[in-house]
Structures are given as structure tokens and as C-alpha cells.
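Visitor: Heads up: the sequence shown runs through residues 1 to 1072, numbered per the UniProt record's numbering. All C-beta atoms in this analysis are idealised placements derived from N, C-alpha and C, irrespective of residue type, glycine included.
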Amino acid sequence: MRKGRTRPAVAVLAVLVAGSSMLGGTAAAGEPQADGPKPSAAKPEGLSATGDITLITGDLVSLRGDQPAKIRPAKGRENIKFIQRKEINGDITVLPLDAEAAVRSGELDARLFNVTQLLKNGYGDKARSDIPLIVSGPVALRSGASNARSLPSVGGTAVRVGKETPYWSGARNALRAKGKQWIRLDGPVRAFLDKSVPQIGAPEAWKSGLTGKGTQVAVLDTGIDTAHDDLKDAVVAAKDFTESASGTTDKFGHGTHVASIVTGEDDVYRGVAPDAKLLNGKVLDDDGGGYDSGIIAGMEWAAHSGADVINMSLGSDWPSDGTDVLSQAVDRLTAETGSLFVLAAGNSGGTVGSPAAAESGLTVGAVDHNENLAEFSSRGPRWLDDAIKPDITAPGVDIVAAKAKDSYLAGEYPNIGPDHLQLSGTSMAAPHTAGAAAILAQQHPDWKAGELKTALMGTAKANPKLSVFEQGAGRVDVAAVVKSTVRASVGSISNGIVQWPHNDDKPISREVTYFNSGTAPVALDLSASVQGPDGKAAPAGMFTVSPATLTIPAGGHATATVTTNTAVPGADGRYSGVVTAGSLRTPIAVTREVESYDVKLNYIGFDGKPSANYFFRFVGIELPTVTVPKESDGSSVTARVAKGKHYFETYVATEDGSQSTNYAEPTYVVDGPSSLTIDARAGKPIGFQVDKTDAVSTTAVYGFLRDTVWGGDESTGVTYIGNNFEGTYVLPSRTTSPPAEFRFLMLEVKAAPTNSPYLYQLERNDLGKVPSTLVHRVRDSSLARVRSTHTGSKPGTYGIREGVVRPLPFTLDEYYTPGVEWSQSFTETTDPSDDRGFANQFTSTPKSYKLGRVVTERWGLPVFGPAFPTYRGSADAAGRLGNLMGFDIALHSDQDPGHYGYSMTAGSTVLSKDGKEIAREEFPGYLPGSPVPAGPATYKLHVEGTRDNPLSSSITADWTFHSDTVTGTDVVPLPLVAVRFAPPAGASAKIPTLVPITLDSNTGARTRLTSLAVSHDGGTTWQSTKFYTAAGKTFALVKHPAGAKAVSLKATATDASGNKVDQTTINAFLLK
């Protein structure tokens, strides 16, 4: 298969505060159920997506950097086609065509196929053996799903589906049945005082006796250290929803910090509402991560336990329009109980995610001590509908609050004295607002969520330099809200997106009622102050308020009408500002759609009938726009597309995914209404024809790749993947682009149907358009040649090479398109029908082959041991970002310097510093993102692996290396080295063996061998052995005693900086 450039992949864990990029965590499965499964630990896998993952459909996806995904369809699904789509943010989605309709209808969560995020967030096959889901109705009862927990607030059930179970066929049938059923990923959730409390005016409220007394605030977080002096007697109820060994206490340190911001009793670092009581809902585990289902269960418990306010300093960065399960739970529980959910906006700096997008929640951004918006604070508008979010801001930078004893964060962030910690994030801003809400709830015990939210927003202090999409109403002001006797009926006015043209737009009128709880009438002057997309005041008449003055009687109310008239001439784009009523402020926004037109798309299936099995996408080439189908779209759809040049891609497929016709236009110009008919029957077959007439396809890939404004070179596109091109058709494009800006890729691997003696790997790239000729004749004489040998490590095994399956050993004649970089794979397995239980699995560094010479390549020759192929960017194998280290070492690479490999082994990986264990994983060579102390230090990584194999039956490696905190956003490779041996095949015990030795460095550093020893009794006794270096090559002459059967090797190597490895391989190679 072709290999592109790779990106570093080092696993990381959940982040709770700003300034880090950690993701994932272990599973939060909630309280045990008699009939439910125990949760599976979900270890995070990578900063970028590299690894294997089994989809909900049972299909196995292998993703390696930027190369096309390798897919092994589940049994019985061999004819299903797959889409690999590059999203505009760079994520890779791999979608089986038989699941596409359910994804487009909204019944099946698209996140279940975003392999980039799934691998990053710990759903990969190395991390867990099941898929956590939240499902509705009878889907939960299908084969392979185990009932874990009922979630009535979202009308669903949390389940775990084993990756080896045939879940999809039953679930798919249930989705096709009558009634709205759905399947959602049980998604990952992460946790997102001295000057800060006075900054929001809390001391002014305290002077009036308003301290939150008599109110309850639920903190849904990582637990609370109730032994901390600041929080003694504060917690009145607690429940663990993670099944953590530590129960409801806080071993991560986030929940304690958050809780003390709400109600801490320290004389200096006092909480906002020091007399409020706490409900401690532990929904994030001791690593700081959790899942939607555990969060929802905690939300239900808190809301039904009488919490006035529920603080959620956690969430997901996946953009949401408020229809995700967490946001739905917020809205339903708010309506049912009146509890106010206070939600951290998020720390991505981008669009708010889940549950921050919830309509009824009070979403909080972060400002610093100078009222400037924190760089990390997520902002609006909300995804898809341009609604105003966040709703409000609060202090969230350098906040000092309680430190949980012996917690992770206590060792990572600045300690202020023995008992306090300084953190930043919207996680810190939210509890400031939750404390303010508790004070207000004490003052107005009859108020529910709606009244609390609108009162806090209406009295917030705005920063005139920030838009409402950045700050909402402004920074929470406790002193102002407790003094105010007037509040509005709404917190903000979001008028959405108004379709172009605007000359006939109808005015949008919204009533706003003002309530006066005081004992005297209040007169208000009303006006609107709104800015357009150019930063200037909106045209006169676009935003009006009637009447201009309003008098509210004591204890009464009065209503005004706010009208938005986008028919008033003005610039197209987003308008935002505030409606003022005296000192009250109500944010308002509307988006005037830019010049756009209807593009009508008609889809006809292979049977000649209208088809709803399709997908399309218009991606702006010059403007950052994307148009995709809506859930309600049928076989005839009208897409709304902005004027300009677009890349257009689409397909129409059969319901079972076995046939598809695909179409792309490199430059689709929208300058007026237009229509397209995509008729599946008009597609042309594609593929390669070769000299060997019995050749059949084993892998078939084709795709469209386009440069766009979203990210430059090939920043968007789609790749289709299958076992062959049968049932695959393509429509030639009608438009063109400059050759360098669009590529139509076609790649095919071909071999004989059984025991093939040959292998073709062919690629063609057409630039600027999809051509009319799509089947190409290729002669052997035009192809580069490789002669490859494949050797097994033990008797009775089979080899798999890109679809060729044969008993080992065997030789192949290989034919390649010259000048193309290829990355190969070879698997040795005992079961050719299922390569998951492999003995060895190797991948090569990418290389290209030239026409006119035959290259020899050898696979599967010992010694098998650790390797660091330099092309991988090295950080894949061992890297550091900030104060996180991650390892995924190819522990069983064969002797070829261009190969790296793995095996099914038992063992462990342990990272330590100064003799103290930092992290451990019961998997040899693999350790996901592990927190390490800041600053320079010397570390030791101990890896040991054993396997049932006569060769390299045991490998032990001890790396000693130096590392310092890594700044910036790039993962930096760690300075690990490895020793590789290449003894000749069939070495004899009767004569000495000349063993070539090479040294790998993960950083490319100059490395030298310092010692070598051999053993002929399985490592019981060792003899020091001389080695020699000449002409840049190192080798050893190993002598053997009479009767020797195997050679074990022990070596030490070091680089110039003192980083070294002690490496031992038992039964490294056998003797005849």
C-alpha cells in the first residue's frame, strides 16, 4: 500500500485545565448494576491517529498517519465498500456504505466512524475490547450488547458492545424498523482564589448576609477531598459514578479545586458562596476522564437530589448545536427539576462543544484579572445555528483554590503554600458562576433555573472590546445581581441565520418581559446597540425596541418588543450586540446569510428509482464554507450553497453498500440556482488491466483530493476503499482545476486467486480532473520489479502480503508503479482467515522503486527485536509533549533496517524516575500518555515481553534516557536507542557465525555499541563477545559450543549524550 508522510502519535490522558492538550481517560461506567457489565478501562492512544480500531460494524480499520486506511471487513462483509473522508479539521472518517444512511438520518452517531478522534480518545483495540454506546429502544437488547445503565433523561440506555460480537446486523435491522431509534457513542468527557472572588463582587453580597446559606450546589467532577480544611462539613451527599477504587475522594485534584471555588472556607482563598452545601458527584475518574453515560447518571442524581445549582466543569470539544445527549440531558432535567446547570465553555479556544451548547444551561467562558478573554476560552457562535454562546464569563486564569492531597494536579501545577493550587481554565470560571447562582438562590428561594440564569446574565459586566459571541452578556457580577430588582424573561436573543436575498426578509419580533421584584416602580430606557460584520454600527432600523421607555410597577412586569429587520440594506454576515433596559443587558445576534443559491440534487439508484442512499459535500475553495445533507433530506435535496467556487463530492450507493457510483467536481461554480442529477447507472467502471490474466484485485482504493481554503494542499477529499473494484463506478468530472490543486487517485493491488506467486501494486494519479478513461492497461515491462522472500518464525504458519495468503516460506515476484512511495506489510499467522492472532506483523518504511532493476527484499528473518524506523517521525514510538510521555515501541521488528514489527506477547512496560514507578502498562512496549514531573530528569523505561515462539521467546530492554519539559504543540521524540542483529539464515553450530549489527536511534543521534554477550543455554550463563567496526559497519563473530541449538544476545548501546539501552533477547536465532 502507498504510504504518505506520517504525523507523530503519542498517547495522552484527560485534561482538566487550560494549557495542556490531553485527551481521553479511563471509562466512567457508574454504579454497579446486577445485570450490567463492569466498565472496560479506556486508555488514550494518541495525539494523532495511528493504530487499529474495530468499528461498531465489526470492521477492522488500521490507520497509519496520512496513508489510506487499511480495512479488514468483518466476516460476511467482504463486499462492503468503505469511505475514508478527510474532514475540514484534518480528522479521518472511515464509513461503511451500509451505515451511511443511518448516519445521515441522525440515527447513528457519526462519531462512531471518526477514527482520528476514536484513536485519540482511547477507543482503539489496544486500549479496550468493547465499544461504549448509548442507545434507544430495542437496540439495547440486540446480540452483543450488555445492559449497563438506564438513562431516562435522554430516553436511552448505556451499553457495552464487545468488538468480537456480531452486534451490527441486529442493530441495523432495528434502525430500519418503524419508530425513531438511535445509537450514540458513549463519548469521552474531560474536565475543562485570592483576587477572583472580589473581582466578581462576592464580598458585597456577603455584607448583606448572602453567602449561599440554605442552598445546595452539586459539583460533578473528579470527586472532592473532604478532609481538606477549606471543605470540612461542606459535603452533605456523595456518590461515585466511575467505580474508582478511591470512591468519591479526589485523586486527580480537579474536583476539590472547583468545589472550594464555590464554597471554600479559607480566610484568604474563600469561596464565592462559603455557606452553600455540596453534593459530590464523582463522574470523572482518578485520571480525570469519563464518558457521557456516567456524566448523565450523575446529572440525574444531582438534579433529583435537590441541587439548586449543578456545576459541570467538564465537556467535549466536539462541536454541538445542542442536540447531543449531554445537552439534551441538561435541557430535560432543567425543565423537570428547575436545577440550574452551570457549564464550562471549554478550553479549545474554538466553538463550544458538549454540554456547553445546551440551550437552558448557563455556559461560562473565562477572563483574566484584567477582564480580558482568556486565549483558551471556547466561544461562539454555536455550531450550525449561530446561536449566542457562551452566556457569561467569570475569572478563570491563575485561580488559587484548594489542593487535594496526593493528587496528580498537585504535582503538575504551581502550589500556593501547603494546601492550595493555582490553575487556569473555564473549569475555574464555572464554579465562580455557580457560587454566584447559589447566592442568588438564597436571596430568591422561589427562583428556578430560568430566573437565576436571566438575572445573572442581565447584570453581568461587559467588556466593550469583546463581542457577545466571546463573552455572552459579560463577566458575572454578584454585587450587581443581588442589588438589582429587575430581570428580563430571556437571557439572550438569538435570531439564527436568515436566508439570502434579504430584500424580502420578514421582520423577526421577540417579546421581552421585564419583572420588578422591588417595592417601587422602575422606569427603563430601552435601546439596541449592535455591530455588523465590519465592526461598525448596524444600519439604522435593522434593530429596534418598542416602546423606547417602559415603566414596571412594583411587584409587576411589563413587556417590550425587540424587532430585527434584516431587509434593511447592510453588509451580509454576523450582527451582534445588546438590548439595554436601564442597566440590564440582553445579548442579541442574527446572521444575514451571504449571497447563496439553491443547488438541487436528484439521486437515482442502480434500479432506476429515486435513492436516499447518498452523501454530498460542497467545500469552499476561496471561502471557508461547507454544505452537507440535513437529516431530513430525501432522494431529492436542495442544498444551500454560498456564491463562489466549490469542491463538490458525492456518491449514491445501494442500501447494502455493495455498489456505488461516485462523482467529484474540482471546481463547481455557484453563481445562481442550478441542478444536478446523479444517476448511479451512468457511472463508468474503474481499475487496472495487467499482463497476467488470472490476476484479481485484493485491495482497491480510489479517491478525490482537493486544495481548499480550509488548509491548503489536499486539505479535503474522500477515499473509497474495498477488496476490489467490483460494483464501483465513477462519473468523469465536467469541470477542471489547476493540475496541482486536484488529484484523482486510483490504487489497486492484484494477485492470483490462490497461492499467488506474484503481486501487483499499481497507482495512477490524474491531475486537475477526473478523466473519461478510467480503466487502464499496464504492461509488466513498464513496472518496477521486486523479488521478495517470506520466512516464518515457527512451523505451520501462513504469510499474508497485501492480500496474498500462502503457507510459509514463499517467494513473490512483485510489480510496482515506479516512482511512487510504497509502505508494505507482512503478517505471519496460524489462522489465515483471521490475522488478529498473528505471530509476527511487520510494516516497512516507505520506499519507491525504479524501472529497470530487480530489487531483493526479505521478510521475517531474525533477530526479532526493538527498532526505531526514522521515517515515522520517531515520536510515534517514543515521544513527549509538555509533561506527558508516550510509548509504542515496535518490539519484534525483523532484521531488515526498513522494517518494524509487533507480536502477540505477554509482558509489561514500566516508566520510572529515581527508582520510583511513574506509570505501568501490562502490555510490552506500549504505554499511553503518562504524566511526568516538569523539568529535566533522567528516566528509565523497562520493557519485557515473552511469547510462545522458538525465536525471540523473551525480550527485555532497559532504556535510560534524559528528557526535559517540551514546549510548543509538536511531540518531540525521546532519545531511545536499539541494537539490531542480522545473522545469516541457516547459521550452523559447527562454525562461527558472522553477525552484522546496526544501531537505531529514535532521534537520529550517533550511537555506539559498548558491550555484547552471548548465551547458548537460554540466558543462564553469558560470555562476553568481541565486536568490530570497520568502514562504518559493526559485526561480531559468534563462536558456538558443541551441541548448541540457539543463541541468545545481550547488548548495551549508548549515544553521545549518555542515553543508553541494555537489551536482552533469549533465543535470538537458531543453529543447525
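How long is the line joining the alpha carbons of Asp35 and Pro132, rounded to whole angstroms?
Guide: Locating residue 35 in the sequence shown gives position 35, counting from the first residue. Locating residue 132 in the sequence shown gives position 132, counting from the first residue. Residue placement at Asp35 is poorly supported in this model, since its pLDDT is 29, which falls under 50; the coordinates are not used for a value here.
Visitor: Taking the alpha-carbon positions, what's the Val749 to Ala740 distance?
Guide: Against the sequence shown, residue 749 aligns to sequence position 749. Against the sequence shown, residue 740 aligns to sequence position 740. Whole-angstrom Cα-Cα distance: 26 Å.
Visitor: Excluding the five sequence neighbours on either side, which residues of its own chain have a C-beta within less than 7 Å of the C-beta of Leu623, listed in chain order?
Guide: Reading the sequence shown from its first residue, position 623 is the one you call residue 623. So the list reads Ala642, Gly644, Val709, once near-sequence residues are dropped.
Visitor: State yes or no: is the C-beta of Ser150 within less than 8 Å of the C-beta of Ala329?
Guide: As a working note, residue 150 is residue 150 in the sequence shown. As a working note, residue 329 is residue 329 in the sequence shown. Contact: no.
Visitor: Take the Cβ of Ala29 as the centre, count every other Cβ of all protein chains shown within 10 Å, and call the residue buried at 16 or more, exposed below.
Guide: Along the sequence shown, read from residue 1 onward, the residue named residue 29 stands at position 29. Caution applies to Ala29, whose pLDDT of 24 falls short of 50 and renders its modelled position unreliable; the value that the coordinates give is listed next. By the neighbour-count rule (16 or more Cβ atoms within 10 Å), Ala29 is buried.
Visitor: Could you give the DSSP three-state label for Asp194: helix, strand or coil?
Guide: One-based indexing of the sequence shown puts residue 194 at position 194. Reliability fails at Asp194, whose pLDDT of 47 lies under 50, so the model's placement of it is uncertain and no value is given.
Visitor: Confirm, please, whether the CB-CB distance from Thr905 to Phe887 is below 8 Å.
Guide: As a position in the sequence shown, residue 887 is number 887, starting the count at 1. As a position in the sequence shown, residue 905 is number 905, starting the count at 1. No, the Cβ-Cβ distance between Phe887 and Thr905 is not below 8 Å.
Visitor: By Cβ distance, which residues of its chain are closer than 7 Å to Gly768, with the 5 residues on each side in sequence left out?
Guide: The sequence position of residue 768 within the sequence shown is 768, counting from 1. Pro666, Thr736, Ser737, Pro738, Pro739, Phe742, listed in sequence order.
Visitor: In terms of residue numbering, what span does the beta strand (DSSP E) encompassing Glu921 cover?
Guide: Reading the sequence shown from its first residue, position 921 is the one you call residue 921. It spans 916 to 921 - the beta strand (DSSP E) in which Glu921 sits, taken as one unbroken run.
Visitor: Whole angstroms are fine: how far does the CA of Leu112 sit from the CA of residue 1073?
Guide: Absent from the model: residue 1073. The displayed extent of the chain is 1 to 1072, so no value can be given.
Visitor: Taking the alpha helix (DSSP H) that Asp292 falls in, what are its first and last residues?
Guide: Position 292 of the sequence shown, counting from 1, holds the residue named residue 292. From DSSP, the alpha helix (DSSP H) with Asp292 extends over 292 to 304.
Visitor: By the three-class DSSP mapping on this structure, what secondary structure does Ser153 have?
Guide: Start at 1 with the first residue of the sequence shown, and residue 153 comes out as number 153. Three-state result, Ser153: helix.
Visitor: Taking Glu371 as the reference, which of Ala357, Ala387, Asp398 has the closest Cα?
Guide: Translated into positions along the sequence shown, residue 371 becomes position 371. Closest by alpha carbon: Asp398.
Visitor: What does the alpha-carbon distance come out to for the pair Ser1015 and Val1047?
Guide: Here residue 1015 corresponds to residue number 1015 of the sequence shown, with the count starting at 1. Here residue 1047 corresponds to residue number 1047 of the sequence shown, with the count starting at 1. Approximately 6 Å, taken between the alpha carbons.
Visitor: Do the CB positions of Asn765 and Leu783 come within less than 8 Å of each other?
Guide: Taking the first residue of the sequence shown as 1, we reach residue 765 at position 765. Taking the first residue of the sequence shown as 1, we reach residue 783 at position 783. Cβ distance not < 8 Å, so Asn765 and Leu783 don't count as in contact.
Visitor: Three or more C-beta pairs under 8 Å: does that hold for the segment 269 to 277 against the segment 290 to 307?
Guide: No: the two stretches stay apart, fewer than three of their Cβ pairs being nearer than 8 Å.
Visitor: Could you work out which residue in Asp324, Pro521, Pro203 is closest to Trp182 when comparing CA atoms only?
Guide: On the sequence shown, residue 182 is found 182 positions in, with the first residue counted as 1. Nearest of Asp324, Pro521, Pro203 to Trp182, Cα basis: Asp324.
Visitor: What would DSSP say about Val594, mapped onto helix, strand or coil?
Guide: Here residue 594 is taken as the residue at index 594 of the sequence shown, counted from 1. Residue state, collapsed to three classes: coil.
Visitor: Quick check on Glu828: does DSSP put it in helix, strand or coil?
Guide: Position 828 of the sequence shown, counted from the first residue, corresponds to residue 828. Note: Glu828 maps to strand in three-state DSSP.
Visitor: If I follow the unbroken beta strand (DSSP E) through Leu97, where does it start and stop?
Guide: The count along the sequence shown starts at 1 and reaches residue 97 at position 97. Here Leu97 belongs to no beta strand (DSSP E); instead the alpha helix (DSSP H) covers 97 to 105.
Visitor: Using only the alpha-carbon positions, how far apart do Asp374 and Ser407 sit?
Guide: Translated into positions along the sequence shown, residue 374 becomes position 374. Translated into positions along the sequence shown, residue 407 becomes position 407. Looking at the sequence itself, residue 374 is Ala, so the reference to Asp does not match. Distance between the alpha carbons of Ala374 and Ser407 is about 26 Å.
Visitor: Here's the rule I'm using: 16 or more other beta-carbon atoms within 10 Å means buried, otherwise exposed. How should Ile588 be labelled?
Guide: Residue 588 sits at position 588 when you count from the first residue of the sequence shown. When all chains shown are included, Ile588 counts as buried.
Visitor: How would you call Asn949, buried or exposed, if buried means at least 16 neighbouring beta carbons within 10 angstroms?
Guide: Within the sequence shown, residue 949 is the residue found at index 949, counting from 1. It is buried - the Cβ of Asn949 has at least 16 other Cβ atoms within 10 Å.
Visitor: May I have the straight-line CA-CA distance separating Pro44 from Gly290, to the nearest angstrom?
Guide: Your numbering for residue 44 matches position 44 in the sequence shown. Your numbering for residue 290 matches position 290 in the sequence shown. Legend: pLDDT at Pro44 = 39, less than 50; position of this residue unreliable, value from coordinates given subsequently. Their Cα atoms are separated by approximately 12 Å.
Visitor: Using the Cα positions of Val478 and Leu881, report the straight-line distance between them to the nearest angstrom.
Guide: The sequence position of residue 478 within the sequence shown is 478, counting from 1. The sequence position of residue 881 within the sequence shown is 881, counting from 1. Roughly 39 Å between the two C-alpha positions.
Visitor: By how many angstroms is the C-alpha of Lys448 removed from the C-alpha of Thr459?
Guide: Locating residue 459 in the sequence shown gives position 459, counting from the first residue. Locating residue 448 in the sequence shown gives position 448, counting from the first residue. Going from the Cα of Thr459 to the Cα of Lys448 covers about 17 Å.
Visitor: Starting from Gly435, trace the alpha helix (DSSP H) in both directions and tell me its first and last residue.
Guide: One-based indexing of the sequence shown puts residue 435 at position 435. Taken as a continuous stretch (DSSP letters only), the alpha helix (DSSP H) holding Gly435 covers 426 to 443.
Visitor: Under a three-way DSSP split, which group does Gln181 fall into?
Guide: Locating residue 181 in the sequence shown gives position 181, where the first residue counts as 1. If DSSP states are grouped into helix, strand and coil, Gln181 belongs with coil.
Visitor: How long is the line joining the alpha carbons of Leu812 and Ile92, rounded to whole angstroms?
Guide: Taking the sequence shown and counting its residues from 1, the one referred to as residue 812 is at position 812. Taking the sequence shown and counting its residues from 1, the one referred to as residue 92 is at position 92. Cα to Cα, the separation comes out at about 33 Å.
Visitor: Report buried or exposed for Asn121, applying the criterion of at least 16 other Cβ atoms within 10 angstroms of its Cβ.
Guide: Counting from one through the sequence shown, the residue named residue 121 turns up at place 121. Flag for Asn121 reads buried.
Visitor: Opposite Pro685 in the DSSP bridges: which residues?
Guide: Against the sequence shown, residue 685 aligns to sequence position 685. DSSP output for Pro685 lists Tyr729 as bridge partner(s).
Visitor: Which residue marks the beginning of the alpha helix (DSSP H) containing Ala571, and which one marks its end?
Guide: Position 571 of the sequence shown, counted from the first residue, corresponds to residue 571. First-last for Ala571: undefined, no H or E at that position.
Visitor: So is Gly214 buried or exposed if we call it buried at 16+ other beta carbons inside 10 Å?
Guide: Here the question's residue 214 lines up with position 214 in the sequence shown. It counts as exposed.
Visitor: What residue from Gly803, Ala934, Asn516, Leu911 has the CA that sits closest to Phe923's CA?
Guide: As a first step, residue 923 is located in the sequence shown; it is residue number 923 there, counting from the start. Of the listed residues, the one whose Cα sits closest to Phe923 is Leu911.
Visitor: Is the beta carbon of Gly353 less than 8 Å from the beta carbon of Asp391?
Guide: On the sequence shown, position 353 is the one that residue 353 refers to. On the sequence shown, position 391 is the one that residue 391 refers to. No, the Cβ-Cβ distance between Gly353 and Asp391 is not below 8 Å.
Visitor: Alpha carbon to alpha carbon, how far is Trp383 from Thr351? Give it in angstroms, no decimals.
Guide: Walking along the sequence shown from the start, residue 351 turns up at place 351. Walking along the sequence shown from the start, residue 383 turns up at place 383. Roughly 7 Å separates the two Cα atoms.
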